[in-house]
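Q:
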Amino acid sequence: MSILKITGGKPLSGSIRINGAKNSVLPILAATLINGGVNVLHNCPDLKDVTSAIKILEHLGCKVKREGKTITVDSSVVSRCDVPDSLMREMRSSVIFLGPIIARCGCAVLHTPGGCELGPRPIDLHLSALEKLGVSIENEGGNIVCKAGDMKGRDIILSFPSVGATENIMLAAIACRGATRIINAAREPEIEDLQQFLKKTGASVNGAGGSEISIIGGRAYFDTEHRVMPDRIEAATYLCAAAAAGGDVTVEDCESEHIGTVIERLTEGGADIKVSGRSVRIKVSDRLKSMPPVRTMPYPGFPTDCQSQLMAVACTAKGTTVFTENIFENRYRHTGQLERMGADIKVSGRVAVVEGVERLKGAVVTATDLRGGAALAVAALGAEGCTVIEDIYHIDRGYEKMEQSLASLGADAVREE
Ligand code: EPZ
348 MSILKITGGK PLSGSIRING AKNSVLPILA ATLINGGVNV LHNCPDLKDV
398 TSAIKILEHL GCKVKREGKT ITVDSSVVSR CDVPDSLMRE MRSSVIFLGP
448 IIARCGCAVL HTPGGCELGP RPIDLHLSAL EKLGVSIENE GGNIVCKAGD
498 MKGRDIILSF PSVGATENIM LAAIACRGAT RIINAAREPE IEDLQQFLKK
548 TGASVNGAGG SEISIIGGRA YFDTEHRVMP DRIEAATYLC AAAAAGGDVT
598 VEDCESEHIG TVIERLTEGG ADIKVSGRSV RIKVSDRLKS MPPVRTMPYP
648 GFPTDCQSQL MAVACTAKGT TVFTENIFEN RYRHTGQLER MGADIKVSGR
698 VAVVEGVERL KGAVVTATDL RGGAALAVAA LGAEGCTVIE DIYHIDRGYE
748 KMEQSLASLG ADAVREE
């Protein structure tokens, strides 16, 4: 099993170019099923979850070619409508294939997505919305069996602005007669990127980025070419890395307004951050001070996907920083691992109180989930001595060769098989 070995204490310097966004390329790959044509996607990150999504597309009958950062999906032939359990298990977010498979095939069979490291991952919002659009859904021995009836567009009100549910409704609504409006839609930037892709296929989708999205189904489709947006969570992660290690780092190809809440917290902690165009430069020379309370919220609030990385920074800030995790039930599994490095964190339900200590100490720790693993790498960069991070397959799901990125900034970071 691979491990990441990081010896802390070296300030970071230099610049790093951000890869394409995992949480944008995954729904867009699923959406390539809809136009039954050729889709050329640029700036695709080389991640395990992307490989899993490609396996699903090939299982369904698509021809997929990956050349560097470009993935070409020819969805002219789709011969099946099921996603097998093995592939569902590989990637929890494969539920995003439900809408496009129904839109293309009129039916879909998915194995119930298991929970994941973040706790139960219910899909009730996805299923109830699809039923309102005319899909009949049965649970047959652990499989979700969907059959499209008379698919008619209508208003769908989401009780929670779920990212995945918003995306699934957008994709299923394309096959509906008439108009669908998603009210209380998720506003994440990745949904805007999906809308841009869908417009290029000829679909009528408008309003993404706001809380009301309108889709008019039944349009003609075209082949597409699209460049996936940069990964805002990866950008925020490397800003946190520089904050924890100290130094002078520029993050390139980053939409700073997509991570404004993270930049704001780091600035309040004492980091010197300057934005110019699509570059964000962070300079940290002294120990940061504690930050105002961090409450994770749906976009444009503080992103839950950056909670653990900022917590790693707070572990050595002067004073107390309070975190409240409002999005996922179980997103503090990294705190126990940070405590192994000497962090002082008290968790009670959704609240974690971090008392900053002078310095963390290197230790052998285990990645518990994707962003929790990233937090351990962030913490290790500022820690005294060597940290060994095990189970780094979690990190590989969302970061392309993290050790190389960190080493390119001067960190002593290596991967050992
Ligand atoms: C997407 O997950 C992202 N994943 C997550 O990123 C991100 O943390 C999350 O959105 C929130 O921003 C991808 O885009 C692939 P949700 P998703 O539906 O769609 C509950 C990462 O680290 N819920 O907005 O699964 C759910 O349990 C990953 O890159 C229901 O109750 O998130 C959670 O508590 C982690 N019923 C909350 O809503 C439903 O039907 C947010 O879920 C759906 C969701």
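Everything in the sequence shown is counted per the working numbering, starting at 348 for the first residue and increasing by one.
Note that beta-carbon positions come from the ideal geometry of N, C-alpha and C, so glycine has one too.
The structure displayed is predicted, hence computed values, not measured ones.
#1: Just verifying my parser: in three-state terms, what is the DSSP assignment at A480?
#2: Throw me the rounded Cβ distance for the L756 and A726 pair, which I believe falls under 8 Å.
#3: Which partner residues of A555 appear in the DSSP bridge assignment?
#4: Quick test of your reading: L388 and I418, contact by CB under 8 Å. State the CB separation rounded to the nearest angstrom.
#5: Contact between the region 690 to 701 and the region 662 to 669 is defined here as three or more beta-carbon pairs at a separation below 8 Å; is this criterion met?
#6: Around the Cβ of N486, are there at least 16 other Cβ atoms within 10 angstroms (buried) or fewer (exposed)?
#7: Using 8 Å as the Cβ pair cut-off and three pairs as the minimum, do the region 545 to 560 and the region 593 to 611 touch?
#8: At 4 residues or longer, what runs of the alpha helix (DSSP H) sit wholly inside the region 380 to 433?
#9: How about H681: is its Cβ closer than 6 Å to a heavy atom in the ligand EPZ?
#10: Check whether the region 571 to 581 and the region 389 to 403 are in contact - that is, three or more C-beta pairs closer than 8 Å.
#11: Measuring only the C-alpha atoms, how far is R313 from R413?
#12: Would you give the residue range spanned by the alpha helix (DSSP H) that L351 belongs to?
#13: Apart from the five residues on each side of it in sequence, which residues of its chain come closer than 6 Å, Cβ to Cβ, to I401?
#14: Per DSSP, what kind of secondary structure is F507 in: helix, strand or coil?
#15: If I follow the unbroken alpha helix (DSSP H) through F544, where does it start and stop?
#16: I need the straight-line Cα distance from A730 to G356, nearest angstrom please.
#17: Which same chain residues end up closer than 7 Å to V385 when comparing Cβ atoms and leaving out the 5 residues on each side of it in sequence?
#18: Comparing alpha-carbon positions, which option in C587, S360, G549 lies nearest G383?
#19: From the DSSP secondary-structure annotation, give me the bridge partner or partners of K630.
#20: According to the neighbour-count rule (16 or more other Cβ atoms, all chains shown, within 10 Å of its Cβ), is P469 buried or exposed?
#21: Looking at the ligand EPZ, does it come within less than 6 Å of H605, judged from the CB to the closest heavy atom?
#22: Measuring only the C-alpha atoms, how far is L723 from G624?
#23: Do you know offhand how far V747's Cα is from D429's?
#24: Three or more C-beta pairs under 8 Å: does that hold for the region 669 to 681 against the region 636 to 646?
#25: Verify the contact flag: S447, CB atom, against every heavy atom of the ligand EPZ, threshold strictly below 6 Å.
#26: Roughly how many whole angstroms lie between the Cα atoms of G594 and L635?
#27: Express the C-alpha separation of A582 and K630 in angstroms, rounding to a whole number.
#28: Considering just the uninterrupted stretch of the alpha helix (DSSP H) at G778, what are its terminal residues?
#29: Quick check on this structure: which residue in D497, I443, K546, R524 has the alpha carbon closest to the alpha carbon of I516?
#30: Does DSSP classify S637 as helix, strand or coil?
#31: Could you give the C-beta distance for L472 and S509, rounded to a whole number, given that I count them as a contact under 8 Å?
#32: Please classify V372: does DSSP put it in a helix, a strand, or coil?
#33: Would DSSP call G607 helix, strand or coil?
#34: Is the distance from the Cβ of G564 to the Cβ of A519 below 7 Å?
#35: With distance defined between alpha-carbon atoms, name the residue in D743, I353, T667 nearest to P640.
#36: Kindly indicate which three-state DSSP category C733 falls into: helix, strand or coil?
A: Answer, in terms of the structure:
#1: A small fix is needed here, since residue 480 is Leu in this sequence, not Ala. Of the three classes helix, strand and coil, the one that applies to L480 here is coil, per DSSP.
#2: L756 to A726, Cβ: 16 Å. No contact.
#3: Note: A555 is bridge-paired with G557 in the DSSP secondary-structure output.
#4: 5 Å
#5: yes
#6: exposed
#7: no
#8: 395 to 407
#9: no
#10: yes
#11: What the structure shows of the chain is the stretch from 348 to 764, and residue 313 is not part of that stretch, so it cannot be assessed.
#12: First-last for L351: 350 to 354, but that is the beta strand (DSSP E), not the alpha helix (DSSP H).
#13: V411
#14: coil
#15: 536 to 547
#16: 6 Å
#17: So the list reads T419, D421, D570, once near-sequence residues are dropped.
#18: G549
#19: D595, D619
#20: exposed
#21: no
#22: Per the coordinates, the alpha-carbon of L723 lies some 30 Å from the alpha-carbon of G624.
#23: Before going further, note that residue 747 is Glu rather than Val in the sequence given. Going by the C-alpha atoms only, they are around 29 Å apart.
#24: yes
#25: Here residue 447 turns out to be Pro, not Ser, going by the sequence shown. No, since every heavy atom of the ligand EPZ falls outside the 6 Å radius drawn around the Cβ of P447.
#26: Roughly 12 Å between the two C-alpha positions.
#27: Going by the C-alpha atoms only, they are around 15 Å apart.
#28: An answer regarding residue 778 cannot be provided, because it is not within the stretch 348 to 764 covered by the chain.
#29: The shortest Cα separation from I516 among D497, I443, K546, R524 belongs to I443.
#30: coil
#31: Going by Cβ atoms, the distance from L472 to S509 rounds to 5 Å, so yes, they are a contact pair.
#32: helix
#33: helix
#34: no
#35: T667
#36: strand
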